[in-house]
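Q:
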Amino acid sequence: MTSYSKEIIRDLASGQLPWPQTRRIMSAYKDDDRFFKMVAVYQDRVAWNDPILLPVSDHLFICQSGDERITRCECGHSFGDYRKNWKLKAAIHVRNTEETLREIYPNSDLPDPEWMEIREFICPQCGTLHEVEAAAPGYPIVHDFEPDLEGFYRDWLGKPLQP
Amino acid sequence: MLDKPASAMRLRERLLDSERLMDETGCYDGITELSLRNQDPLKFETLHTKLRAYCVSAREMARRISASPGVREVGEMVVAIYTPEGDAIALSNGIMVHVHTMSRFIKWMIKNGYEDNPRIREGDIFANNDAFIGTVQVPDVMDVVPIFYEGTLVGWAGAVCHELEAGGITPGGDVCLAQERFTEGLFVCAEKIGENDEIRRDYVIRCERNLRMPIYWVLDEKAKVASCIDMRESVKQLISEIGLDCWMQVSKEFIEEGRRAQLARTRQLTVPGIYRGHTFYGHVTAGKPGFQPLGDPDWLYNIPIEMEIGTDGKITMDFEGTQPWGYHSMNCTPAGMDGGMFVTLTQHMNFEGLVNDGAWMATELKLPHGTWTNPDNEMVATATSWALLLPAYGVFQRLLSRSFVARGYVEEAFVGQVNSPMIEMGGESQYGTPFGMAHFECAAAGSGALAIKDGLDTAYVGWNPESDMGNIEVWEQSMPMVYIGRSIVPNSGGAGKYRGGCSFVSTWLINKTSHLRLHTSEHSSRVFDNGGMCGGYPAPTCQKHRAVRNSNIHELAAKGEPLAHAPGTDPHVSDYERNIAGDHVVVEGPYITAPHKEGDIFSHSYNGGGGYGDVLERDPVKTAWDVENGFLTREAADQVFGIVLKDDAEGYPLADIDATVKRRAAMRKERLAKAIPVADWIAAERGRIEKADFAPEVRKMYASAIKLSSRFTRDFSDFWNVDARSIFTPGAKP
Chain G
1 MTSYSKEIIR DLASGQLPWP QTRRIMSAYK DDDRFFKMVA VYQDRVAWND
51 PILLPVSDHL FICQSGDERI TRCECGHSFG DYRKNWKLKA AIHVRNTEET
101 LREIYPNSDL PDPEWMEIRE FICPQCGTLH EVEAAAPGYP IVHDFEPDLE
151 GFYRDWLGKP LQP
Chain L
1 MLDKPASAMR LRERLLDSER LMDETGCYDG ITELSLRNQD PLKFETLHTK
51 LRAYCVSARE MARRISASPG VREVGEMVVA IYTPEGDAIA LSNGIMVHVH
101 TMSRFIKWMI KNGYEDNPRI REGDIFANND AFIGTVQVPD VMDVVPIFYE
151 GTLVGWAGAV CHELEAGGIT PGGDVCLAQE RFTEGLFVCA EKIGENDEIR
201 RDYVIRCERN LRMPIYWVLD EKAKVASCID MRESVKQLIS EIGLDCWMQV
251 SKEFIEEGRR AQLARTRQLT VPGIYRGHTF YGHVTAGKPG FQPLGDPDWL
301 YNIPIEMEIG TDGKITMDFE GTQPWGYHSM NCTPAGMDGG MFVTLTQHMN
351 FEGLVNDGAW MATELKLPHG TWTNPDNEMV ATATSWALLL PAYGVFQRLL
401 SRSFVARGYV EEAFVGQVNS PMIEMGGESQ YGTPFGMAHF ECAAAGSGAL
451 AIKDGLDTAY VGWNPESDMG NIEVWEQSMP MVYIGRSIVP NSGGAGKYRG
501 GCSFVSTWLI NKTSHLRLHT SEHSSRVFDN GGMCGGYPAP TCQKHRAVRN
551 SNIHELAAKG EPLAHAPGTD PHVSDYERNI AGDHVVVEGP YITAPHKEGD
601 IFSHSYNGGG GYGDVLERDP VKTAWDVENG FLTREAADQV FGIVLKDDAE
651 GYPLADIDAT VKRRAAMRKE RLAKAIPVAD WIAAERGRIE KADFAPEVRK
701 MYASAIKLSS RFTRDFSDFW NVDARSIFTP GAKP
């Protein structure tokens, strides 16, 4: 069975693994022990102790926090119950003028702010930009991901979560 | 009639029985056990590898028969081998989107009584380019031939080429001005076009008299038929070695194995749950010549997708909430939507083992009736369906990628494909003859970023994983234009920790013609039709077209003065305007204007891909390299990425790490200072929602989605705590 060291997985996740090695990993059969190794890599990365249950974005994790399962930023900020849309607890900056769009697209043709705005969802504690939506004005904020956490641990990982 | 089907049943009954068995057992054709695979796994794999080799070899041979630079240079072709019921067993590389659309074509013929009339016999050749029967768009012309072994139908061989000219209302293959089926060009609707391995002369005459450039289509037909015969004879030889019973069993086990492998890979690579995303597409045609007053001149489409991954590994993708079909060329049929799903799966999950229709059987598409994904009117045009299909499947790739990130397979996460707008042309060639052609250098857009590295520059499109822009010199042989520039578009990849792949822009001098029609319609106007991921920004994909009529370029060249080879990086004044005199044209939306002539200049840019991750985490050293090589401007490095560059002794950009750290800390603070809690933003926006204070096209988009989808209506109403129906469709019946 294919398997890699935690150090290799750490370097892969951080984009530091040399390309030839990365390419071999991409072409090889997948390492079935990846999930828990990757979770361990992320756990080392964060300064808090809540066990990570699932990464959901580049710096967002669902973790077990006491009796609750919450979405937490790498910096430690909690976005609350993981079943709720974390974006609703984020800070937002909306680019809906030519001037603010131009800040991100200094040399390109721009969208019409009457037709499209850029929404930046930011951690209110550390300022990390977690997600960007390009949407028509008035479009509801999208709930990107509702994982079947119990089903995943029970049926796919064979390690049911404690209720 | 069909002489001897493989079973005693007639083919139609056999097909229906196969579908019934799938429904009852959940397994392809009722194959609940892979007995041949279990008996001899090595032989099983070897046989499939042989079939794949037959396909790859037949396609390569056929490409050398074709006259089309689209097929020869860019590889716009795919071939496959099918069961008698029309399910793909093995396929070549190339435009794999069509492996499943051809499957639909074969099944359509079977279900429509072709056994009796026009009959299915050894040596017959059937062709189709009708998307409601089974293709994506009119230029995707497919040929299939039945494979008989000792009088028994044992399968089909099929091939598709994308034609560069389809004889529609505007020249080229993606007939951008088509607003109904009747303007899309030459339709071949599941026709028998040949017998005894020979294409009928009357069919060739029809092609010759209805196309602007029949040499492409007709030679592609010969290339496809040659590849089909080649595969057919190889399969017959194989059957003579392994026996007919073994063939009939193993070919079905290959598909069932493919289905099971797809489910297993989903369980291996993803996380079950519900994933959501969306994109948009804008079309601006008000006042443009040639558009009939059938539909709205300007429109905005939303493309929301909800993907569910069940714990059984099945992937279901639902397009509920998207827009109705319209009188434009961008509608798609279920066959095209299936094809998009299939080609995407082959790139992300179904990339090893037995690649075939089994993967498609492990998925489900929900395509709401009456929308652009499943029109309830078969008169609609689908000539440029890729314009919506590519952005839609870019969303699918982002949804899949989120599941890969969640599962820890970050190296598989990919921000996705983008639309790659084609230019098309026709009129008088450089040789003084009538011509028409789609320019296929579009098959090399920038890809979305990966979760561990930047996207590919000018090297990826979703419909053909073997992307290629083709050589300039070959394209110049085929059109009355010469290149005066082909270069990277700086900042065309979406910004992020990893930027999207960059696109390129071509600039041409129109040459040796007094009449060149140039058209392009597939750039989304006023909105980006792609997205970023995990903090990355979308790529800037709503680009305008720039041209210079009556330019003084020959005078400049004679004097040795500088020309302009690209639009440059000033969005307000292009380098064409700076360096070249003439009538400067900037067009938003489809480029559909009066013919060009010798001495005019035209430019067209393709699209880059979306970015991944927070821009403030981008590697400063890599960014300096990007600036040095023209992938990013200094302005963007500083303003967007917060990277301070200085010059080294030789004047090359060098990252100032200390200054960058300080600048980024300041930018982070600035970010927080500008941002407000989402709850406050929602409260403030709600008033605007209640008044429907939006541009007319935005209001229309909401009204259309609400009319078609109770779920969209409910979700919109719940989110904003309003009654969406009364706001956007007042007076309408609930």
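Keeping their order, the protein sequence lines are chains G and L. Residue 153 in full-length UniProt numbering is what sits at position 153 of the first sequence, and the numbering runs on without skipping anything. Residue 156 in full-length UniProt numbering is what sits at position 156 of the second sequence, and the numbering runs on without skipping anything. Glycine residues also receive a C-beta, built at the ideal position from the N, C-alpha and C atoms.
What did DSSP end up calling Cys-502(L) once you bin it into helix, strand or coil?
A: Mapped onto the second sequence, residue 502(L) falls at position 502. Three-state result, Cys-502(L): coil.
Q: Could you give the DSSP three-state label for Ile-120(L): helix, strand or coil?
A: By one-based count along the second sequence, residue 120(L) stands at place 120. Looking at Ile-120(L) - three-state DSSP - the assignment turns out to be coil, as it is neither helix nor strand.
Q: Which residues share a DSSP beta bridge with Cys-63(G)?
A: As a working mapping, residue 63(G) is identified with position 63 in the first sequence. Answer by DSSP bridge pairing, in chain order: Ile-52(G), Ile-70(G).
Q: For chain G, find out if any of its Cβ atoms is closer than 7 Å to the Cβ of Leu-2(L); answer yes or no.
A: One-based indexing of the second sequence puts residue 2(L) at position 2. Below a pLDDT of 50, predicted positions are generally treated as unreliable, and Leu-2(L), at 45, falls in that range; no measurement from the model is reported.
Q: Please name the residue or residues paired with Gly-155(L) in a DSSP beta bridge.
A: The residue given as residue 155(L) occupies position 155 in the second sequence. Answer is Ile-147(L), bridged to Gly-155(L).
Q: With respect to 6 Å, is the separation between the Cβ of Ile-657(L) and the closest non-hydrogen atom of the ligand SAH below this value?
A: Among the components modelled here there is no ligand, and therefore nothing to report on the ligand SAH.
Q: Which residues of chain L have a Cβ atom closer than 8 Å to the Cβ of Val-46(G), listed in chain order?
A: Taking the first residue of the first sequence as 1, we reach residue 46(G) at position 46. Within 8 Å Cβ-Cβ: nothing; Val-46(G) doesn't reach chain L, min ~15 Å.
Q: What residues in the segment 213-241 of chain L have a beta carbon less than 8 Å from any beta carbon of chain G?
A: Under the 8 Å Cβ criterion, the segment 213-241 of chain L contributes no residue.
Q: Express the C-alpha separation of Phe-404(L) and Val-661(L) in angstroms, rounding to a whole number.
A: As a position in the second sequence, residue 661(L) is number 661, starting the count at 1. As a position in the second sequence, residue 404(L) is number 404, starting the count at 1. Going by the C-alpha atoms only, they are around 31 Å apart.
Q: Need the endpoints of the beta strand (DSSP E) that Glu-195(L) sits in, please.
A: Counting from 1 along the second sequence, the entry for residue 195(L) is found at position 195. Start and end: 191-195.
Q: Whole angstroms are fine: how far does the CA of His-283(L) sit from the CA of Arg-526(L)?
A: If you number the second sequence from 1, residue 526(L) lands on position 526. If you number the second sequence from 1, residue 283(L) lands on position 283. If I take the Cα positions, the gap works out to 8 Å.
Q: Could you spell out where the alpha helix (DSSP H) holding Ser-524(L) opens and where it closes?
A: Position 524 of the second sequence, counting from 1, holds the residue named residue 524(L). Neither: Ser-524(L) is in no alpha helix (DSSP H) and is coded neither H nor E.
Q: Across the segment 11-23 of chain G and the segment 445-453 of chain L, are there enough close Cβ pairs to call them in contact, namely three or more that are closer than 8 Å?
A: The segment 11-23 of chain G vs the segment 445-453 of chain L: in contact.
Q: Cα-Cα, which of Thr-170(L), Phe-44(L), Arg-276(L), Asp-140(L) is closest to Glu-435(L)?
A: Sequence index remark: in the second sequence, residue 435(L) carries index 435 (1-based). According to the sequence shown, residue 435(L) is Phe rather than Glu. For Phe-435(L), the nearest C-alpha among the options comes from Thr-170(L).
Q: Between which two residues does the beta strand (DSSP E) carrying Asn-128(L) extend?
A: Along the second sequence, one-based indexing puts residue 128(L) at 128. Residues 125-128.
Q: Which same chain residues end up closer than 6 Å to Phe-145(G) when comparing Cβ atoms and leaving out the 5 residues on each side of it in sequence?
A: For this step, residue 145(G) is matched to residue 145 along the first sequence. Val-56.
Q: For Leu-17(G), is the classification buried or exposed, using 16 other Cβ atoms within 10 angstroms of its Cβ as the cut-off for buried?
A: The sequence position of residue 17(G) within the first sequence is 17, counting from 1. Answer is buried; the Cβ neighbour count reaches 16.
Q: Along the chain, where does the alpha helix (DSSP H) that runs through Asp-23(L) open and close?
A: In the second sequence, residue 23(L) corresponds to position 23, counting from 1. From DSSP, the alpha helix (DSSP H) with Asp-23(L) extends over 11-25.
Q: Which residue from Arg-209(L), Ser-251(L), Gly-168(L) puts its Cα closest to that of Lys-43(L)?
A: Translated into positions along the second sequence, residue 43(L) becomes position 43. The candidate whose alpha carbon is nearest that of Lys-43(L) is Ser-251(L).
Q: Pull up the DSSP beta-bridge partners for Met-481(L), would you.
A: Sequence index remark: in the second sequence, residue 481(L) carries index 481 (1-based). BP columns for Met-481(L) point to Ile-510(L).
Q: Between the segment 515-528 of chain L and chain G, which residues of the former have a C-beta closer than 7 Å to a C-beta of the latter?
A: Going along the segment 515-528 of chain L in chain order, one finds Arg-526, Val-527, Phe-528 with a Cβ nearer than 7 Å to chain G.
Q: Chain L beta carbons: is any one of them nearer than 7 Å to that of Glu-146(G)?
A: The residue given as residue 146(G) occupies position 146 in the first sequence. By this cut-off, Glu-146(G) is an interface position.
Q: Touch check for the segment 318-335 of chain L and the segment 167-184 of chain L: three-plus C-beta pairs under 8 Å?
A: The segment 318-335 of chain L vs the segment 167-184 of chain L: in contact.
Q: Is the segment 87-97 of chain G touching the segment 40-51 of chain G in the sense that three or more CB pairs, one from each, lie closer than 8 Å?
A: Touching, no, given that fewer than three Cβ pairs across the two stretches are closer than 8 Å.
Q: So with Cβ pairs under 7 Å, would you call Trp-156(G) a contact of chain L?
A: Within the first sequence, numbered from 1, the residue matching residue 156(G) stands at position 156. It does; some Cβ of chain L falls within 7 Å.
Q: Suppose the cutoff is 6 Å on Cβ atoms and the five residues either side in sequence are ignored; what does the same chain contact list for Ala-223(L) look like?
A: Taking the first residue of the second sequence as position 1, residue 223(L) is located at position 223. If we look at Ala-223(L) and ignore the five residues flanking it on each side, its Cβ neighbours are Ala-62, Ile-65, Ser-66.
Q: Would you mind reading off the limits of the alpha helix (DSSP H) that contains Glu-308(L)?
A: Numbered from its first residue, the second sequence carries residue 308(L) at position 308. Looking at the DSSP string, Glu-308(L) is not in any alpha helix (DSSP H); the run it does join, the beta strand (DSSP E), is 298-309.
Q: In this structure, how does DSSP classify Pro-289(L) when only helix, strand and coil are distinguished?
A: The count along the second sequence starts at 1 and reaches residue 289(L) at position 289. Of the three classes helix, strand and coil, the one that applies to Pro-289(L) here is coil, per DSSP.
Q: What's the call for Ile-205(L), buried or exposed, on a 16-neighbour Cβ count within 10 Å?
A: Counting from one through the second sequence, the residue named residue 205(L) turns up at place 205. Counting Cβ neighbours within 10 Å, Ile-205(L) comes out exposed, since fewer than 16 surround it.
Q: Could you please give the first and the last residue of the uninterrupted beta strand (DSSP E) stretch that includes Lys-89(G)?
A: Translated into the one-based positions of the first sequence, residue 89(G) becomes position 89. Segment: none, Lys-89(G) is in no beta strand (DSSP E) and carries neither H nor E.
Q: For Thr-135(L), tell me which candidate among Phe-105(L), Ile-303(L), Phe-342(L), Met-77(L) has the shortest Cα-Cα distance.
A: The sequence position of residue 135(L) within the second sequence is 135, counting from 1. When each option's Cα is compared against that of Thr-135(L), the closest is Phe-105(L).
Q: I'd like the span of the alpha helix (DSSP H) that includes Asp-44(G), first residue to last.
A: Residue mapping note: residue 44(G) aligns to position 44 of the first sequence, counting from 1. That run of the alpha helix (DSSP H) goes 34-45.
Q: When Cβ atoms are compared, which residues of the segment 620-638 of chain L fall closer than 8 Å to chain G?
A: Going along the segment 620-638 of chain L in chain order, one finds Thr-633, Glu-635, Ala-636 with a Cβ nearer than 8 Å to chain G.
Q: Going along the chain, which residues of the segment 51-77 of chain G sit with their C-beta nearer than 8 Å to a C-beta in chain L?
A: Per Cβ criterion, the list reads Leu-54, Pro-55, Val-56, Ser-57, Asp-58, His-59.
Q: Can you tell me which of the three DSSP states Phe-661(L) falls into?
A: Indexing the second sequence from 1 puts residue 661(L) at position 661. A small fix is needed here, since residue 661(L) is Val in this sequence, not Phe. In this structure, Val-661(L) counts as helix in the three-state DSSP scheme.
Q: Taking C-beta pairs closer than 8 Å, name the residues in chain G that Gln-543(L) reaches, listed in chain order.
A: Taking the second sequence and counting its residues from 1, the one referred to as residue 543(L) is at position 543. By Cβ distance, chain G contributes Ser-108, Asp-109.
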